[in-house]
Amino acid sequence: MTTTEPLYGAPGRETTEGTVYTVTGGDWDAVVAGAGDDQRMVVNMGPQHPSTHGVLRLVLELEGETVTSARTVIGYLHTGIEKNMEYRNWTQGVTFVTRMDYLAPIFNETAYCLAVEKLLGVEVPERATTIRVLCMELNRIASHLVWLATGGMELGALTAMTNGFRERELVLDCLETITGLRMNHAYVRPGGVAQDLPPGAVEKVRELLKTLEKRVPIVDDLLTGQPIWQKRLQDVAFLDAQGCLALGVTGPILRSAGLAWDLRKTQPYCGYEDYEFDVPTATSSDGWGRFMVRVAEIKESMKIIEQALDRLQPGPVMVQDKKIGWPAQLALGSDGMGQSLDHVKKIMGTSMEALIHHFKLVTEGFRVPAGQVYTAIESPRGELGVHAVSDGGTRPFRVHVREPSFINLQSASAMCEGSLIADAIAAVASIDPVMGGVDR
Amino acid sequence: MTESTHSSEGGGQETHEGLVQPAGEHDPTGMASTGGYHLTPSAVVPPSATARGTSDMFGAAFGSDTSGFGGLVEKRAAPVSTPKPYGGWFDEATDALEAAWPGFAEHVLRVVVDRGELTIYVTPESIADVAKTLRDEPNLRFELLSSVSGVDYPAEQTRLHAVYHFTSMTYRRRLRVEVAVTFEDPHVPSVCSVYPTADFQEREAWDMFGIVFDGHPALTRILMPDDWDGHPQRKDYPLGGIPVEYKGASIPPPDERRAYS
């Protein structure tokens, strides 16, 4: 045992497990003397902290209340989704991707399915595409409402939280009617969607739109004119368009810097070119601009939903190619939703080919021709890209997801450094990272 | 955790092209373990060499597909290299790159156009130059580096690929640039100085695949714990089984389970 240099005024000794410092109580003068002239303080904020938007750890170097350096530490929610997908078939992959950015599951599913469909070279039926658009925009509203709720809560606006979550629950009710689940839907499948809209779904969504038309202005009334909310966000977390592009930041943050880059307009997918909607922007490049952009996007999404409902035409919701389309014939039975008994009777009793088909598709899945593609869609947080590689087999060879939360989080340092520690909270909130997506 | 394990367990067999053919192709029941290592790399395999080239969508060979669809679907393999003209704006962009970047002839290995996407394979040492040219050249203007990721192709000598997806907001184009390195010398120059957004993404590719990005400001693990051993998304990374508390049984790791494909 040897005594080593005292650190922070505490004597240390060497042990087999490294240097152990014994810190005891003492006079404040001794603490100050031990710290020397260095006035820096390093604070670990998170990973368990109510204001870090999930299991995010911020390592903040402080001088007084000013943040001189901010580093984000992530990985606390890493679940190995990309690796796991390599051992499941292409259809099962949907069940994994839906869990990444858990506030935007429909977007994850759609981005992934568009990639698989591009690899397969199949065309999705019109009705399935319209249902996807409908669900994505419902999901965008839900996601932005959660941002309002949690972002408001992190800045102390608790009524924003209760209101945001209340409205979001209404949207989730609609998604539950359509998909069967509030979250983690696994509803969008390669080739289409899992099942058609149930009876009453269209009416329910129209009802929701009516409610939201009354409720969304409440958010405006509650927050937009409120001086505290303005002061917490205006001129806070500044990042201009050039900084956004260098850091790869997309979505509402980029649009709050004045660049109307929205993949739904600039590189349309799922027929977005046929919908009429605006891309809201702001020029303030700060947290306030992001708030305004997101609230405006909720209203634009409502417009798109309205149009999607009008465009719904009867038709199939899964590709007609029996080699790819999931062979489910769902029906409502006495014990809930399940495989239609008529279909079971047919494949078990009368058609050996149908039975073989069913068995092959369900056990091993379809084969996807070799190659690689990259598809990108506009998620509530920015460009959600899927790089899918197939080796010609029934399982993905590699799927990489370009998660906007992950990329956008890099801008936290640029937004926080030089600001007050309280504004660091506002900065991270304005980025709206979802840790499930960041860590995957 | 070396590359020597990749082809031994797969139950496949070496062909004269050096490709490992999947065991399932020779096993009419399709029950043999594929071990996960028979994977043929896309865009590298000549169409004639793909083991799966002539089988149907369900992968059955030798007429054992009783579904009635056997042989009806002709599958295609990804092209190795695409001859000019590439079509669309691809020619314009590659010509602009060639004009602006003196190293084009030396460093561009292949150009592939597949499914309406352009992929340029370049030498690893040139990636930072390519990135800078793509960003700054007025005819190209790829302002945004959308994604950097790794792919591990066990059947190749240079099996670690770093894949870069560039987006041009000015021209609304997307472009993929790919480099390949070996396990022994997994060094690729960092593009962080050209595109700061590559910071986290290169750290992820290092963490998951062990690609070393030279010149990165702080290449440390990002998703796995700092003291983690190995790079989990490499294809030969050992996967754990799950012990079941019943008569000492255990669920085998995913790559050793019975596979139907």
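Going down the list, the sequences are from chains A and B.
For the first sequence, our numbering puts the final residue at 440, and the numbers step up evenly by one.
For the second sequence, our numbering puts the final residue at 261, and the numbers step up evenly by one.
All C-beta atoms, glycine included, are put in the ideal place defined by N, C-alpha and C.
Contact residues of the stretch 130-155 of chain B toward chain A are E143, L144, L145, S146, S147, S149 and V151 (C-beta to C-beta distance below 7 Å).
Taking the CA atoms as reference points, G248(A) sits about 6 Å from L144(B). At a cut-off of 9 Å, the C-beta of I222(B) has a neighbouring C-beta in chain A. Within 8 Å of the CB of H53(A), no CB atom of chain B is found; the nearest one sits about 17 Å away.
Secondary structure note for Q201(B): its alpha helix (DSSP H) is the uninterrupted segment A198 to F209.
In the displayed model, T72(A) falls within a strand according to three-state DSSP. At a Cβ-Cβ threshold of 9 Å, D129(B) and H161(B) do not count as neighbours.
G385(A) and V20(A) have their C-alpha atoms some 47 Å from each other.
Segment contact: the stretch 125-143 of chain A against the stretch 221-229 of chain A, fewer than three CB-CB distances shorter than 8 Å; contact not assigned. In chain order, R395, P396, F397, R398 and V399 place their CB closer than 8 Å to the CB of E86(A), counting only its own chain and leaving out the 5 sequence neighbours on each side. Counting only the Cα atoms, S284(A) lies some 6 Å from S256(A).
Straight-line measurement puts the Cα of L263(A) at about 8 Å from the Cα of A376(A).
At a C-beta separation below 7 Å, P254(B) has these neighbours in chain A: Y87. Following the DSSP letters along the chain, one finds G436(A) inside the alpha helix (DSSP H) bounded by residues M435 to D439. Residue pairing for I242(B): DSSP places it in a beta bridge opposite I251(B). Interface residue (Cβ-Cβ distance to chain B less than 9 Å): I407(A) is classified as such. For G248(A), the nearest CB of chain B lies under 9 Å from its own CB, placing it at the interface with that chain.
With a 10 Å radius around the Cβ and a threshold of 16 neighbouring Cβ atoms, A104(A) comes out buried. Taken in chain order, the unbroken stretches of beta strand (DSSP E) that lie wholly in the stretch 302-381 of chain A and span 3 residues or more are 330-333, 336-339 and 371-379.
Going by beta carbons, V113(B) and F90(B) fall inside the 9 Å limit. Among the CB atoms of chain B, none fall inside 9 Å of the CB of N139(A). Contact between S419(A) and L239(A) is ruled out by a C-beta separation of about 12 Å, above the 8 Å threshold. Taking the CA atoms as reference points, L77(A) sits about 20 Å from I106(A). Under the 9 Å criterion on CB atoms, V163(B) is classed as interfacial with respect to chain A. Residues are counted here when their Cβ sits less than 9 Å from a Cβ of chain A; for the stretch 182-199 of chain B these are Y195, P196, T197, A198 and D199, given in chain order.
Using a Cβ-Cβ cut-off of 9 Å, Q92(A) does not count as an interface residue toward chain B, since no Cβ of chain B sits closer than that to its own. Under a criterion of Cβ atoms nearer than 9 Å, the residues of chain A adjacent to D114(B) are, in order, G371, Q372 and V373. Annotation: the continuous alpha helix (DSSP H) that includes I253(A) extends over P252 to S256.
R173(B): member of the beta strand (DSSP E) spanning R173 to V181, first to last residue. Closer than 7 Å at the C-beta level to chain B, one finds these residues of the stretch 235-265 of chain A: L245, A246, L247, G248 and W261.
In the structure shown, G150(B) falls within a strand segment according to DSSP collapsed to helix, strand and coil. Distance check between E123(A) and each of R140(A), V193(A), V146(A) and R168(A) places V193(A) closest, using alpha-carbon atoms only. Inclusion of M302(A) and E137(A) in the CB contact set at 9 Å is warranted, their separation being smaller than that value.
In this structure, the straight-line span from the alpha carbon of M208(B) to that of T158(B) is close to 17 Å. The residues R398, V399, H400, V401 and R440, in chain order, have a CB closer than 8 Å to that of E82(A) in the same chain once the five nearest residues on each side in sequence are set aside.
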